[in-house]
Amino acid sequence: MSNQAPEEVFKSIISHAKEYGFVFQSSEIYDGMSAVYDYGQNGAELKKNIRDYWWRSMVQMNENIVGIDSAIFMHPTIWKASGHVDAFNDPLIDNKDSKKRYRADVLIEDHIAKIEGKIEKEVEKAAKRFENFDEKMFRSTNPRVQENQKKIDDINARFKDALEKNDLAEVKQIIVDLEIVCPISGSRNWTDVRQFNLMFSTQIGSVTDESNTIYLRPETAQGIFVNFLNVQKTGRMKIPFGIAQTGKAFRNEIVARQFIFRMREFEQMEMQFFVKPGTEMDWYNKWKETRMNWHHSLGFPQNMHRFHDHIKLAHYANAACDIEFNFPFGFKELEGIHSRTDFDLSQHEKFSGKKLQYFDPEDNESFVPYVVETSIGLDRMFLAILSQSYKEEKLEDGSDRVVLNLPAFLAPIKCAILPLVKKDGLPEKAREIMDVLKYDHLCVYEEKDSIGKRYRRQDAIGTPYCITVDHQTLEDNTVTIRERDSMKQERIAVDKAASIVSEKVDMRAALKKL
RNA sequence: GCGGGAGUAGCUCAGUGGUAGAGCGUCAGUUUCCCAAACUGAAGGUCGCGGGUUCGAUUCCCGUUUCCCGCUCCA
Numbered sequence: 002m003s004n005q006a007p008e009e010v011f012k013s014i015i016s017h018a019k020e021y022g023f024v025f026q027s028s029e030i031y032d033g034m035s036a037v038y039d040y041g042q043n044g045a046e047l048k049k050n051i052r053d054y055w056w057r058s059m060v061q062m063n064e065n066i067v068g069i070d071s072a073i074f075m076h077p078t079i080w081k082a083s084g085h086v087d088a089f090n091d092p093l094i095d096n097k098d099s100k101k102r103y104r105a106d107v108l109i110e111d112h113i114a115k116i117e118g119k120i121e122k123e124v125e126k127a128a129k130r131f132e133n134f135d136e137k138m139f140r141s142t143n144p145r146v147q148e149n150q151k152k153i154d155d156i157n158a159r160f161k162d163a164l165e166k167n168d169l170a171e172v173k174q175i176i177v178d179l180e181i182v183c184p185i186s187g188s189r190n191w192t193d194v195r196q197f198n199l200m201f202s203t204q205i206g207s208v209t210d211e212s213n214t215i216y217l218r219p220e221t222a223q224g225i226f227v228n229f230l231n232v233q234k235t236g237r238m239k240i241p242f243g244i245a246q247t248g249k250a251f252r253n254e255i256v257a258r259q260f261i262f263r264m265r266e267f268e269q270m271e272m273q274f275f276v277k278p279g280t281e282m283d284w285y286n287k288w289k290e291t292r293m294n295w296h297h298s299l300g301f302p303q304n305m306h307r308f309h310d311h312i313k314l315a316h317y318a319n320a321a322c323d324i325e326f327n328f329p330f331g332f333k334e335l336e337g338i339h340s341r342t343d344f345d346l347s348q349h350e351k352f353s354g355k356k357l358q359y360f361d362p363e364d365n366e367s368f369v370p371y372v373v374e375t376s377i378g379l380d381r382m383f384l385a386i387l388s389q390s391y392k393e394e395k396l397e398d399g400s401d402r403v404v405l406n407l408p409a410f411l412a413p414i415k416c417a418i419l420p421l422v423k424k425d426g427l428p429e430k431a432r433e434i435m436d437v438l439k440y441d442h443l444c445v446y447e448e449k450d451s452i453g454k455r456y457r458r459q460d461a462i463g464t465p466y467c468i469t470v471d472h473q474t475l476e477d478n479t480v481t482i483r484e485r486d487s488m489k490q491e492r493i494a495v496d497k498a499a500s501i502v503s504e505k506v507d508m509r510a511a512l513k514k515l
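In the numbering used here, the protein residues as written are 2 to 515.
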C-alpha cells in the first residue's frame, strides 16, 4: 500500500485514470470544460459494468422491480410540480470581506423590515402618548411614518421592476443605494448579483420562444413518477413494487469539483419503490440495509462506508440518509435513501389533473402510494471503486507495481492472452485461443515487450486474468493462467480456459451475496 | 464566488530573456524469455490561451482559462 498523503494518492489516481484510458477531461484540446469529463476506452467498460451490476441486482434479482428508460426532455410543468423551478431560481450576491453569500431578495427584504420596524416604533411611541389613539389616522398623517412608508414603497416598486426585467445590475444597484451592509463583516464590498439556476435550459422546436423553453432534467426520478401508472398498469404491478432507471442528469453547479465527484453532467442509478402509506418506514429501513449490503458485496473493507442520517429533511421527505464512502478526500455522499412520502405523486396529480393512485383489491380502496427512493451516482460509484482499487505495491523482490484490484466482474478487460515469445509458433497458438475466448469476454492479445512488462500493463488496468502460451502449450495443449492480485499461476488445459475464466469473472457470486 | 497553489512530451517533472531537456512511457527493429531486462532507431511540445514590455518572451508584466486545496454552496 502507498504511504502517501491522501491528497497525493488522489492526484495519482487522477493521473492513472488519464494515463490508462479511464477518464479524460472533456474538450481537453480546447482547454477543457469545467467539471465535465469523458470516459475513455477502459473507463467506459468499467462504468458499463458497474451500471450492469446495479441493474441486475435491482431488476433481475427482484421480481417486483422493473426498469425503464425515460427521456431527458420532459414537460416543463414537471419541474414546477417537483419544486425545482421555484427552489432554485434565486438572485445571489457575495460579500467579498466576509465571504458570505446571500440571496439578494432576502437582503432587500431585511432592509425593508428594518424600516418597518422604525414605523412600528413611531406608532408605539405615539400610542403611549395619546389617549384616543387613532392608529390608522396616525399612519396616514405622521410625516416620519409617511416618509418611511414611501421609502418602502419605492424600494418595493424598484425591486419588483428589476426582477421583472431580470436586471441583475439594477438589483445590485438597489443594494448599493440602500447602503446595505453585510451582517457579518459590516462592509458594503459586494460582488455582482448572479442568478443561480440549478437547471440547464434549452429550446425545443426551431423557433426561439419563451414558451418553448425546456429543461435538461436535474434528476431522473421524475421520469419514474410520471410513468408510475403506465408501468403499474402495463406491467400489472402490485404494491409494493419498484421502478428502476439509470441515466444522465444535469445540474448547473456553481462549485463543481473533486474530479468526477461533482460534475455538471452525471449519471444516476435510481430506484423508486412504491409502498402502502404507513409501511414506508419498514421499507426505508429495509432498503438502507439492502443497499449497504450491495456496497459490501463488492468486497471492500467494511469501514469504508457509513450511514449519515439527515436531521434537516427536505420538504418532500419524512426520513432520509446517505451512504457515505471514504473517498481520498474524506467521507462523502455516494448514495441517498429517502422516504419521499406521497409528495411527488400528489404534486403530479395536482399539476396534471390526472389521478395517480393505486387500487388495492384486498382492502378495496385507492390511495396515492408512498415512495422510498434509492439514488446513487454512477460516476461517484466509479470513483469510489477506482480509488479503492488503486494500489501502489512494493513487491518482495523490491520492484514496484501499480495494480487495480477491481472485482473481476467489473474489470474492463477480463483476460489477456499472451504468447511467451513472439516466435516458434506461439503467437499463432495464442491467436487461436483468443478467437475462442473473445465470444465470451472482452479479451486482449499482446505480444509486444517482455512477459513481465505485459503482466504489469494488465495489472494497471485491473485485468484479472492473463493466459500465457508457452512452449509446453505446443506439446500438451495446456496454458498458464495468472491471477492478478496474487500473481500466482496455474496450468490448465486449453479447452477448459473459456469455462474457467467465465467462472472466475462471473457476477453470480456477488449477486448471491445480496 | 473568494483565497492559496499549479499548468513545459502520453505520465512525473527539470530548466533558461537568445533554436526546448531528463526519467518513465509509446512505436519499429535485434536479442532474451514467466513478472516494468538490454541494445539500436524513431515519433511526439507555437512551454494552457490572449495581450503587453523587449531587437528577441516558455522565462518579466497584465488578463483569461483549466486543474488541485481551503472556505462557501450542495433536493
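Virtual Cβ for every residue (Gly too), placed ideally from N, Cα, C. Since we're looking at a predicted model, the values are computed, not measured.
Item	Value
So, helix, strand or coil for TYR440, using DSSP?	coil
What is the DSSP secondary structure of PRO7, counted as helix, strand or coil?	helix
Please report the distance separating the alpha-carbon of PHE368 from that of ILE240.	11 Å
Where in the region 403-452 do unbroken runs of the alpha helix (DSSP H), each at least 4 residues long, occur, reported from the N-terminal end onward?	427-438
Please list the terminal residues of the continuous alpha helix (DSSP H) segment that includes GLN389.	379-390
Compute the Euclidean distance between the alpha carbons of ILE215 and ASN365, then round it to the nearest angstrom.	40 Å
Taking C-alpha atoms, which residue in ASN294, ASN198 and ALA494 lies nearest to ASP471?	ALA494
Do you know whose CA, among ASP496, SER451 and GLU268, lies nearest PHE383's CA?	GLU268
Give me, in chain order, the residues of the same chain whose beta-carbon lies closer than 7 Å to that of SER3; leave out the 5 immediate sequence neighbours on both sides.	The pLDDT assigned to SER3 is 41, lower than 50, so where the model puts this residue is not dependable; a value taken from the coordinates is nonetheless given after this. Here the set comprises VAL10 and GLU393.
Whole angstroms is fine: what's the gap from ALA417's alpha carbon to GLU484's?	11 Å
Using the C-alpha atoms, what's the distance from ILE156 back to GLN348?	35 Å
I'd like to check one pair, LYS277 with TYR371: are the Cβ atoms closer than 9 Å?	yes
Ends of the beta strand (DSSP E) at LEU335?	331-342
When the Cα of PRO92 is compared with those of PHE242, ASN43, ARG104 and GLU123, which residue comes out closest?	ARG104
For GLY337, which residues in the same chain have their Cβ closer than 6 Å to its Cβ, ignoring the five residues on either side in sequence?	ASP323 and SER376
State the Cα-Cα distance for the pair ALA385 and GLU350, rounded to the nearest angstrom.	38 Å
If we ignore side chains and look at the alpha-carbon of each, how far apart do LEU407 and GLY300 end up?	9 Å
Cα separation between PHE226 and LYS49?	25 Å
State whether the region 459-469 contacts the region 485-504, with contact taken as three or more CB pairs (one from each stretch) at a distance under 8 Å.	yes
Over the uninterrupted alpha helix (DSSP H) stretch that includes ARG140, give me the two end residues.	136-142
In terms of residues, what are the limits of the beta strand (DSSP E) holding HIS309?	306-310
With DSSP collapsed to three states, give me the class of MET2.	Caution applies to MET2, whose pLDDT of 40 falls short of 50 and renders its modelled position unreliable; the model cannot decide the point.
With DSSP as the reference, please indicate the residues paired to PHE131 in a beta bridge.	Looking at the DSSP assignment, PHE131 forms no beta bridge with any residue, so it has no partner.
Of the residues LYS119, HIS85, MET75 and GLY44, which one's Cα is nearest the Cα of GLU148?	LYS119
Grab me the residues of MET282's own chain with a C-beta within less than 6 Å of its C-beta, minus the 5 sequence neighbours each way, in chain order.	none
Grab me the residues of LEU396's own chain with a C-beta within less than 7 Å of its C-beta, minus the 5 sequence neighbours each way, in chain order.	ARG402
Pop quiz: LEU108 and ILE181 are said to be a contact at Cβ under 8 Å. What is the actual Cβ separation, rounded to whole angstroms?	5 Å
Taking DSSP's pairing of strands, which residues face ALA245 in a bridge?	GLY68 and MET272
Please state whether DSSP places GLU110 in a helix, a strand or coil.	helix
Report the three-state DSSP secondary structure of VAL37 (helix, strand or coil).	coil
Is the number of C-beta pairs between the region 236-254 and the region 11-20 that are closer than 8 Å three or more?	no
Can you tell me which of the three DSSP states ALA499 falls into?	helix
DSSP on TYR21, reduced to helix/strand/coil?	coil
Closest to LYS356 by CA distance: which of ASN228, GLU254 and ASP477 is it?	ASN228
Considering Cα atoms alone, identify which of ARG263, ILE452, HIS442 and GLU266 is closest to VAL506.	HIS442
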